[in-house]
Amino acid sequence: MSRRGVGLGAFANRTQATQSYATHGANLRSTHTASLQTQLSVFQSLLHTFALEHSSTIKSNPTFRAEFARMCNTIGVDPLAASNVKGKNGRRGLGEGGSFWTQIMGGDMNDFYFEVAVRVVELCRETRSENGGLIGVEECRKRVGKGKAIGSGLEVSDDDILRAVRSLEPLGSGFSIVKVGSKQYIRSIPKELNTDQATVLEVIQMLGFVSVSMLRLNLKWEKARAQTVIDDLLTDGLVWLDAQGPRKSTGHPRIFWTIVDEIGDLCDSHENHKIIMARAVIPRPTSFRENPKS
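In terms of UniProt numbering, the numbers along the sequence shown are unbroken and rise by one, the last being 294.
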């Protein structure tokens, strides 16, 4: 029969054992952290050497540049942030004699992405009347690659476009990346009632509801554009989603909206529909179809 300690002696032994385990665990974590830091430093040094040897490929190949930048981010080397680190001799990166990215790109990495950002802003403003301020990243990349004049195109990747747009965020420019389905889009419209939102509210005021299919059929909008404007209105609380109502042949739930003075009457006639107040009365459109066969 084994003997166990009892009373205060057993409690003291248990406390001592717990402290020993904690100390041993802390030592293991410290050793493991030091080992990882050493490995990371070695990898960063090798990455620097690799970048200098393949700098021409990084500059000329957008896909290779995107993968290289993604690998740098994995180990904590951000292309834009690394170009802004200041030392005794000005900007410095992982290597000596200037910024890490300056050595690779032959110039400041910020300048490259800011140039891309400027072209993205110009393109978004030029096409805003066509797409409502929502342009696909792939389409943006193709247009930036073509340029306005001969020889003015930039060979960039989708990753370059995304990084350029994100570089605008500190400026409060209103540009952001939104994902609709499996595709990414650049949104350049401010957070206010824009033309597309006003158009949707006009339709809802006339019919009492709207759906993605109706917008695509009557306004010839892309699915991403129609879905985004409805999502924005839902987020702002201007409309409600009727998830329980009939979808008919459209396959999409209806979006409802009403004027505050009419909410009582509409609630009586649409008991199963969710309705919310709107902010203003908007002129009604002339005609609008719900069913493609109508």
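Just so you know, even glycine gets a beta-carbon here, dropped at the ideal spot from N, CA and C.
Computed from a predicted structure; not experimentally measured.
What residues in its chain sit with their C-beta under 6 Å from that of residue 161, if we drop five residues either side in the sequence? Here the set comprises 137, 140 and 141.
Is DSSP giving residue 178 helix, strand or coil here? Assigned with DSSP and collapsed to three states, residue 178 falls in strand.
Do the region 114-131 and the region 39-51 touch if we need at least three Cβ pairs shorter than 8 Å? No: fewer than three Cβ pairs fall under 8 Å.
Around the C-beta of residue 30, are 16 or more other C-beta atoms found within 10 angstroms, so that it is buried, or is it exposed? Label assigned to residue 30: exposed.
Span separating the alpha-carbon of residue 112 from that of residue 177: Put simply, the backbone Cα of residue 112 is about 20 Å away from that of residue 177.
For residue 208, which three-state DSSP category applies? Residue state, collapsed to three classes: coil.
Would you kindly check if the distance between the Cβ of residue 201 and the Cβ of residue 171 is under 9 Å? No, the pair does not count as a contact, with Cβ atoms beyond the cut-off.
Where residue 71 falls, given that 16 or more other Cβ within 10 Å makes a residue buried: Exposed, since its Cβ has fewer than 16 Cβ neighbours within 10 Å.
Among 135, 33 and 240, nearest to residue 222 - alpha-carbon criterion: The residue with the shortest Cα to Cα distance from residue 222 is 135.
Alpha carbon to alpha carbon, how far is residue 225 from residue 175? Give it in angstroms, no decimals. Our two residues, residue 175 and residue 225, have alpha carbons roughly 16 Å apart in a direct line.
For residue 166, which option in 203, 116 and 42 has the closest C-alpha, if you only look at C-alpha atoms? Residue nearest to residue 166 within the set 203, 116 and 42 is 116 (criterion: CA-CA distance).
Boundaries (first-last residue) of the alpha helix (DSSP H) holding residue 142: Element bounds for residue 142: 137-146.
Residues sharing a beta bridge with residue 187, DSSP: Per DSSP, 134 and 176.
Three-state secondary structure (DSSP) at residue 14? The answer is helix: DSSP assigns residue 14 an H, G or I state.
How would you call residue 231, buried or exposed, if buried means at least 16 neighbouring beta carbons within 10 angstroms? Residue 231 should be labelled exposed.
Once DSSP output is grouped into helix, strand and coil, what is the label at residue 83? Note that residue 83 scores 46 on pLDDT, short of 50, meaning its location in the model is unreliable; the coordinates nonetheless yield the value given after this. Judged by DSSP in its simplified three-state form, residue 83 adopts coil rather than helix or strand.
Helix, strand or coil, according to DSSP, for residue 98 in the structure here? Confidence at residue 98 is low in this model, with a pLDDT of 47, below 50, so its placement is unreliable and no value can be given for it.
Candidates 67, 130 and 14: closest to residue 163 by CA position: The option with the nearest alpha carbon to residue 163 is 67.
Secondary structure at residue 154, three-state DSSP: helix, strand or coil? Residue 154: coil per DSSP, three-state reduction.
Quick one: measure Cβ to Cβ for residue 58 and residue 120, integer angstroms, because I've assumed they're closer than 8 Å. The beta-carbon distance between residue 58 and residue 120, rounded to whole angstroms, is 21 Å. This is too long to meet the 8 Å contact definition.
Three-state secondary structure (DSSP) of residue 201: Residue state, collapsed to three classes: helix.
Out of 156, 188, 154 and 158, which one is the CA nearest neighbour of residue 169? With distances taken between Cα atoms, residue 169 lies closest to 188.
Tell whether a beta-carbon distance below 9 Å holds between residue 132 and residue 195. Result yes, Cβ atoms of residue 132 and residue 195 sit closer than 9 Å.
Do residue 65 and residue 158 count as a contact pair if the criterion is CB distance below 9 Å? Contact: no.
Where do the ends of the alpha helix (DSSP H) carrying residue 233 lie? Where residue 233 is concerned, the enclosing alpha helix (DSSP H) stretches over 223-235.
Residue 168 - containing beta strand (DSSP E), residue span: Taken as a continuous stretch (DSSP letters only), residue 168 belongs to no beta strand (DSSP E), as it is neither H nor E.
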